[in-house]
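Student: Below is the structure I would like to discuss, written out as structure tokens.
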Amino acid sequence: MANKTEKPTQKKLQDASKKGQILKSRDLTVSVIMLVGTLYLGYVFDVHHIMSILEYILDHNAKPDIWDYFKAMGIGWLKTIIPFLLVCMFTTILVSWFQSKMQLATEAIKFKFDSLNPVNGLKRIFGLKTVKEFVKAILYIIFFALAIKLFWSNHKSLLFKTLDGDIISLLSDWGEMLFLLILYCLGSMIIVLIFDFIAEYFFIYERYENG
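Residues 11 to 221 (my numbering) make up the sequence shown, in order.
Below, the structure written as structure tokens:
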């Protein structure tokens, strides 16, 4: 008689959740943080105050009091960096909460002496998950290379244009190019993230069935 696959029960799902066996992707969390952080820096981040101080010093050869200079720069950076950190922190919490679906993995945070067993370590090294991580790393390299090539083809004129500008224009143009490059790389990660999410789904489902 053929083996009959039993679908995981609600109790199995709850027990697996407590053990941390939930469908989640660290790469997805990192990618969303990068996307939100990049959009924040590109559209919300206000660096005009700091740039105006630098521009004044460079253009007018000004010699401000050193304490006032560092105070102005420090306050300017704090006003821009702290909101950025808060946005990234909130994004991390939100994405992690969404993936875990509000279920705390209570047993996953317990220390397990089995993790110190070298035999278990060797089993993990040659496991399917290791193969998945290797394939994922190769895909990242390929898609990042394609993203950089596409970025170079579309924006190389902007790169050469910056050679003739002043320091302020140079910083602004390079900031814009960095912003675009990050968006290109994030766009290239979508296919890898889909692959990772599907693979994690099957790994977790297998644990549910065998748990």
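Cβ coordinates follow ideal geometry from the N, Cα and C atoms, glycine included.
Can S106 and T48 be called in contact, C-beta distance under 8 Å?
Tutor: As a first step, residue 106 must be located in the sequence shown, where it is residue number 96. As a first step, residue 48 must be located in the sequence shown, where it is residue number 38. Contact: no.
Student: Short check: CB of S198 to CB of F144, under 8 Å?
Tutor: Here residue 198 refers to the residue found at position 188 when the sequence shown is read from its first residue. Here residue 144 refers to the residue found at position 134 when the sequence shown is read from its first residue. Contact flag unset, no.
Student: Around the C-beta of S167, are 16 or more other C-beta atoms found within 10 angstroms, so that it is buried, or is it exposed?
Tutor: Taking the sequence shown and counting its residues from 1, one reaches residue 167 at position 157. Classification for S167: exposed.
Student: Hey, out of K139, L193 and A147, whose CA is closest to A209's CA?
Tutor: The residue labelled residue 209 in the question sits at position 199 within the sequence shown. That would be K139, whose Cα lies nearest to the Cα of A209.
Student: Return yes when the Cβ of I192 is within less than 8 Å of the Cβ of M44, no when it is not.
Tutor: By one-based count along the sequence shown, residue 44 stands at place 34. By one-based count along the sequence shown, residue 192 stands at place 182. Going by C-beta atoms, M44 is nearer than 8 Å to I192.
Student: Counting C-beta neighbours from all protein chains within 10 Å, is the total for V141 16 or more, i.e. buried, or is it exposed?
Tutor: Residue 141 sits at position 131 when you count from the first residue of the sequence shown. It counts as exposed.
Student: Verify whether the separation of the beta carbon atoms of L190 and S41 is less than 8 Å.
Tutor: Here residue 190 refers to the residue found at position 180 when the sequence shown is read from its first residue. Here residue 41 refers to the residue found at position 31 when the sequence shown is read from its first residue. No, these two residues do not count as a Cβ contact at 8 Å.
Student: Using the Cβ count rule (16 or more neighbours within 10 Å means buried), how would you classify Y211?
Tutor: For the purposes of this step, residue 211 is identified with residue 201 of the sequence shown, where counting begins at 1. With fewer than 16 Cβ atoms within 10 Å of its Cβ, Y211 is classed as exposed.
Student: Return no unless some Cβ of chain C is closer than 8 Å to the Cβ of I43.
Tutor: Included in the structure is just one protein chain, with no chain C present.
Student: If distances are taken between C-alpha atoms only, which option among L160, K146, L156 and F161 comes closest to F207?
Tutor: Translated into the one-based positions of the sequence shown, residue 207 becomes position 197. It is K146 whose Cα lies nearest to the Cα of F207.
Student: Please report the straight-line C-alpha distance between F161 and P93, rounded to a whole angstrom.
Tutor: Locating residue 161 in the sequence shown gives position 151, where the first residue counts as 1. Locating residue 93 in the sequence shown gives position 83, where the first residue counts as 1. About 29 Å.
Student: Based on Cα-Cα distance, which residue from L88, K89 and V46 lies nearest to S98?
Tutor: One-based indexing of the sequence shown puts residue 98 at position 88. It should be pointed out that residue 98 corresponds to Cys in this sequence rather than to Ser. The residue with the shortest Cα to Cα distance from C98 is V46.
Student: If F205 and L149 are in contact, beta carbons under 8 Å, what's the gap, nearest whole angstrom?
Tutor: The residue you call residue 205 lines up with position 195 of the sequence shown. The residue you call residue 149 lines up with position 139 of the sequence shown. Sure, about 7 Å apart at Cβ, within 8 Å.
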